[in-house]
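Residues in the sequence shown are numbered from 1 upward in steps of one, following my numbering.
Okay, so here's the structure we're looking at.
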Amino acid sequence: MGNYELTIGLEIHVELATKSKMFCGCATTFGAPPNTQCCPICLGLPGTLPLLNRTAVEYGIRAGLALNCRINPVSEFARKNYYYPDLPKAYQITQHDKPLAENGFLEYFLDGQLTKTTITRLHLEEEVGKSIHSGDSIIGSEYSSIDYNRAGIPLIEIVTAPEIASPKQARVFLEQLRLTLQYLGVSDCKMENGSLRCDANVSVRDIEGNPGEKVEIKNLNSFRALERALAYEGERQAVLLSQGKQVLRETRTWDEKAQKTVRMRLKAEAPDYRYFPEPDLPPLELEQVWIHEIASSLPELPLAREERFQKAYGLSEYDAGVLVRAPHLADVFEETVALGHSPKLTANWVLGDFARLARQGEVVSAQHFGELLELVSSGQINNNQGKAVLEEMFATGASPREIVQKKGLTIIQDLGFLKTVIQEALNEHSELVERYRSGEDRLLGFFVGQVMRRTGGRAEPVLVNKLLAEALQPGRNWEPHKE
Ligand code: ZN
Ligand code: MN
């Protein structure tokens, strides 16, 4: 970037996880056969009237409060007029001059530093239909089909101030925003399903602070696409300016295949939406009591949880961050610690094999998990056996004690028995014993292996090592069972 600084602002559209649409009773199930979840209202047929979904408003308020916004006691719906095949009414019901929420912020850790990004506004609007292109993208497709199932699903649009300084910061901000909305339960935020979508405004200014032209980038449908598109676009603008050329005000799209941004339209070609207040909906007046109720029902948010995990449980910043970003793991961690198990041991296990086995989202109960930690920490089974038991717990749902019993997995610490096994192994390989005694130390591993094999892996490894080292000393010969 050399002598130029990036300025990024984000606009994020989030589908709310309501059962029915914003202004009608149609279902919102993702992946239903095309055009099976529509009615005259969401298709905008003449003579229909919208009726506002209370839960959509509640979710919007929840999100606004969690983002530290002021919730406006009166907000207003407006019509955004434009023609596009996925918009059957030829206008979108949205909020314009008077949004639901304004002036908030979101905090997150960026390279270990607590960082804050201003949320300029959060407003409610309805989703449009979905164009399905015959080719890979709108560019070069022969035809497109339209699915109106999505038309009318409630959305919130969240707009940040143009104060994000790097592609990485944009990604970290968006990750924290997504996690926050997931903790709130207002959206599943699946970028791959389009329930969270992000557009970016990018400009570069030179070191004298002269602001550049703003370019909007659309179609950023993964965290990776966001980061790469911003890096590409920042570089493109910096190169233009360094060559004395102009950056044009325009809308570009991220071409995933070519890994570059491509012009969609110049700003001069942008439609004038002719916003006006929606005549079919009265202003949205909110009772303070309801806002307070919603505020007091907010869950602990990710940042607070991350800080608590470090302070209350002594977890590292890294461990706390990984747990909080995977709520199903963080929950089982907390429940297990609440049963009296050591936070450090619990975190180690949860972040290890447990995390791998829980990838499908299913977890075992804290009760069973705690029982397993007990078996391992009291030395009744060793670490490797513990991992095998955990694997089985995920596969069958059985309790660790049942599994240990059924598989005969108890650990062998019986000195007499272990000495017998060791002596047998040494007798059988007397030549190797001589070689060990004359200096080939590395043969110890071979003997450990022999003992483990003869005990089906159930011998306590530390004990085996200790007993073997003794037995292999020159001139030493046990007389097992006669001690
Ligand atoms: Zn409908
Ligand atoms: Mn919008």
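For each residue, glycine too, the CB sits at the ideal point set by N, CA and C.
Rounded separation between V448 and L432 - CA only: Position 448 of the sequence shown, counted from the first residue, corresponds to residue 448. Position 432 of the sequence shown, counted from the first residue, corresponds to residue 432. When rounded, the distance between both Cα atoms is 13 Å.
Extent of the continuous beta strand (DSSP E) to which Q95 belongs: One-based indexing of the sequence shown puts residue 95 at position 95. Element bounds for Q95: 91–95.
Bridge partner(s) assigned by DSSP for A277: Counting from 1 along the sequence shown, the entry for residue 277 is found at position 277. In the sequence as displayed, the identity of residue 277 is Pro instead of Ala. Its beta-bridge partners are A78.
Those runs of the beta strand (DSSP E) which lie wholly inside the segment 243–301 and span at least 3 residues: Complete beta strand (DSSP E) runs here, min 3: 250–255, 260–266.
Buried or exposed (CB count within 10 angstroms, at least 16 for buried), H368: By one-based count along the sequence shown, residue 368 stands at place 368. By the 10 Å Cβ count, H368 comes out buried.
Span separating the alpha-carbon of F309 from that of K407: As a working mapping, residue 309 is identified with position 309 in the sequence shown. As a working mapping, residue 407 is identified with position 407 in the sequence shown. Here the alpha carbons of K407 and F309 stand approximately 36 Å from one another.
Residues that T29 bridges to, as DSSP identifies them: For this step, residue 29 is matched to residue 29 along the sequence shown. T29 pairs with nothing; no bridge assigned.
The ligand MN heavy atom lying under 7 Å from the CB of H13: Here residue 13 refers to the residue found at position 13 of the sequence shown. Yes, Cβ of H13 sits closer than 7 Å to a heavy atom of the ligand MN.
T251 to L16 span [Cα, whole Å]: Position 251 of the sequence shown, counted from the first residue, corresponds to residue 251. Position 16 of the sequence shown, counted from the first residue, corresponds to residue 16. C-alpha separation (whole angstroms): 26 Å.
Contact the segment 54–73 vs the segment 281–299: 3+ CB pairs below 8 Å: The answer is yes - the segment 281–299 touches the segment 54–73, with three or more Cβ pairs under 8 Å.
Inter-residue Cα distance where the pair is D441 and L468: Working through the sequence shown from its first residue, we reach residue 441 at position 441. Working through the sequence shown from its first residue, we reach residue 468 at position 468. Taking the straight line from one Cα to the other gives about 12 Å.
Which of helix, strand or coil DSSP assigns to E440: Indexing the sequence shown from 1 puts residue 440 at position 440. Coil at E440, not helix or strand.
Residue from H292, A320, I41 whose Cα sits closest to the Cα of L65: Walking along the sequence shown from the start, residue 65 turns up at place 65. The residue from H292, A320, I41 with its alpha-carbon nearest to that of L65 is H292.
The ligand ZN heavy atom lying under 7 Å from the CB of K21: What you label residue 21 is simply residue 21 of the sequence shown in a count that begins at 1. Checking every heavy atom of the ligand ZN against the Cβ of K21, one is found closer than 7 Å.
Member of T18, P282, A229 whose CA lies at the smallest distance from the CA of S187: The residue labelled residue 187 in the question sits at position 187 within the sequence shown. Per the Cα distances, T18.
I12 beta carbon less than 8 Å from that of L301: One-based indexing of the sequence shown puts residue 301 at position 301. One-based indexing of the sequence shown puts residue 12 at position 12. No. Outside cutoff.
Heavy atom of the ligand MN within 7 Å of E216 beta-carbon: Reading the sequence shown from its first residue, position 216 is the one you call residue 216. Here the distance from the Cβ of E216 to the nearest heavy atom of the ligand MN is not below 7 Å.
beta-carbon G152 near the ligand ZN non-hydrogen atom, thresh 7 Å: Here residue 152 is taken as the residue at index 152 of the sequence shown, counted from 1. Under cutoff, so the answer is yes.
Local Cβ density within 10 Å of Y84, reported as buried at 16 or more and exposed below that: Taking the first residue of the sequence shown as 1, we reach residue 84 at position 84. Y84 is exposed by the Cβ-count criterion.
Cβ separation of I41 and P50, assumed to be a contact under 8 Å, to the nearest whole Å: By 1-based counting over the sequence shown, the position of residue 41 is 41. By 1-based counting over the sequence shown, the position of residue 50 is 50. The Cβ separation is near 6 Å, so the contact holds.
Local conformation of K130 per DSSP, three classes: Residue mapping note: residue 130 aligns to position 130 of the sequence shown, counting from 1. In the three-state reduction of the DSSP assignment, K130 falls in the strand class, which pools E and B.
Nearest-angstrom Cβ-Cβ length linking L409 and I381, presumed shorter than 8 Å: If you number the sequence shown from 1, residue 409 lands on position 409. If you number the sequence shown from 1, residue 381 lands on position 381. Yes, L409 and I381 are in contact; Cβ-Cβ is about 6 Å, under 8 Å.
Buried or exposed by the 16-neighbour rule on C-beta atoms within 10 Å, applied to G386: By 1-based counting over the sequence shown, the position of residue 386 is 386. G386 is buried by the Cβ-count criterion.
Check whether V324 and C189 have beta carbons under 8 Å apart: Working through the sequence shown from its first residue, we reach residue 324 at position 324. Working through the sequence shown from its first residue, we reach residue 189 at position 189. It is not a contact, given that the beta carbons lie outside the stated cut-off.
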